[in-house]
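A quick write-up on the structure given underneath.
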Amino acid sequence: MDNVTNASVASRTLVPMVNRPNPVAVGTIVWLGSEVMFFAGLFAIYFTLRGAAPEMWAAEATKLNFPYSLTNTIILVSSSFTAQFGVFAAERLQPRSTGWKPTQWGMVEWFYLTYALGAIFVSGQIFEYSQLVSEGITLDGNAYGTAFYLTTGFHGLHVTGGLIAFLLVIGRAYAVKNFGHKEATSAIVVSYYWHFVDVVWIALFLVIYVLR
Amino acid sequence: MKGNIALLTVLGLFFLVASAVYTVWNVLATGTWEIVGTVGILLSAILAGFIAFFLNAVNRSQGGILLPEDRPEADIDDADPELGHFSPWSWWPLVLGFAIGLAFLGLAVGVWIAIIGIPLVVIALVGWTYEYYRGNFGH
Chain A
0 MDNVTNASVA SRTLVPMVNR PNPVAVGTIV WLGSEVMFFA GLFAIYFTLR
50 GAAPEMWAAE ATKLNFPYSL TNTIILVSSS FTAQFGVFAA ERLQPRSTGW
100 KPTQWGMVEW FYLTYALGAI FVSGQIFEYS QLVSEGITLD GNAYGTAFYL
150 TTGFHGLHVT GGLIAFLLVI GRAYAVKNFG HKEATSAIVV SYYWHFVDVV
200 WIALFLVIYV LR
Chain G
0 MKGNIALLTV LGLFFLVASA VYTVWNVLAT GTWEIVGTVG ILLSAILAGF
50 IAFFLNAVNR SQGGILLPED RPEADIDDAD PELGHFSPWS WWPLVLGFAI
100 GLAFLGLAVG VWIAIIGIPL VVIALVGWTY EYYRGNFGH
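Line by line, the protein sequences are chains A and G.
If you use numbering that gives the first Met the number 0, the first sequence corresponds to residues 0 to 211, in order.
If you use numbering that gives the first Met the number 0, the second sequence corresponds to residues 0 to 138, in order.
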């Protein structure tokens, strides 16, 4: 290797080394920006129909079960907190628990709990749908039903997609021998998505159940 | 990155102002509040402001070290980026694309096609996610 030199590389210390922004994280954020506009379309549908038939809204919205939905909302919001604790564990590069106490939990345990809470939310929403259908609010029944099921349904599909993403990330934690930054990154970006879907639900909840 | 932050912040503020102007103008002209436009433009502000906020947080987390594009004395090859891991030859995105195509074709023309497509979506998704977690690439 006598004819190889790295002198020109070594002498260049003018610009400090910097970790560039993680492209996975930035890409996820930009994609979530586009998701904002997807839900903007759904909000536009909802408000347009509501503006066209305010008396239908006044009649149909009374069928909503506010305490039930509030409970479901609190479950989803709490899942955001458990997801964030999972991210803290992933940032410690700790995939598995070192003891039974929550302070010793790893990413996998927190994400299982998040998955359970998210699954309860989706199941609760399906149960709520069946209640509302029995009270006459259906997808093809009237404009209120269409707006209600389109907005909450697309949100529910997003939550379901997030649940699948959590399973894939949990699976990765089991698949690797050395849990590293790549695995932590996928945990972090799934949590970004989860928080986003959570915030969208809060907006939907305020519009559909509080504002009516 | 500072340029991106500035551009997206300006864009976000513009949409914020546009949303307010739209609302006031609309109420003055028609006497009623048309919510769709207000919310739509407001969410456009969030679209831009959200990315600006994130990039700003990344910029600050670098502890005052600027990226080459923000340093006037940097050379072009200083920005020669460490882009991260990209698979050079993965077939899984193609499989996933065809599988999703089948699933949606099924929704459009006949559910039985979707019943074939959806398991293929699951296989492609798992295959892609774990491509670098098995065999030679297990780490």
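All C-beta atoms, glycine included, are put in the ideal place defined by N, C-alpha and C.
For a Cβ distance threshold of 8 Å, residue set VAL35, VAL38, GLY39 of chain G lies close to ALA43(A), ordered along the chain. Residue environment for GLU72(G): exposed (fewer than 16 other C-beta atoms within 10 angstroms of its C-beta). Taking 9 Å as the cut-off, the Cβ atoms of LEU95(G) and LEU124(G) count as close. Distance from the CA atom of PHE53(G) to the CA atom of ILE28(A), rounded to whole angstroms, is 8 Å. LYS181(A) sits in a helix when the DSSP states are folded into three classes.
Among the CB atoms of chain G, one or more fall inside 9 Å of the CB of ILE163(A). Between ALA172(A) and PHE165(A) a beta carbon distance of about 11 Å is seen, past the 8 Å cut, so the two are scored as non-contacting. DSSP, read as helix, strand or coil, puts SER86(G) in coil. When Cβ-Cβ separations below 9 Å define contact, GLY140(A) makes no contact with chain G.
Rounded to the nearest whole angstrom, the C-alpha separation of ILE34(G) and PHE87(A) is 39 Å. The C-alpha of GLY98(A) lies about 11 Å from the C-alpha of GLU108(A).
At a cut-off of 9 Å between beta-carbon atoms, MET55(A) makes no contact with chain G. Under the three-state reduction of DSSP output, VAL120(G) falls in the helix class. By the rule that beta-carbons nearer than 9 Å mark a contact, ARG133(G) touches chain A.
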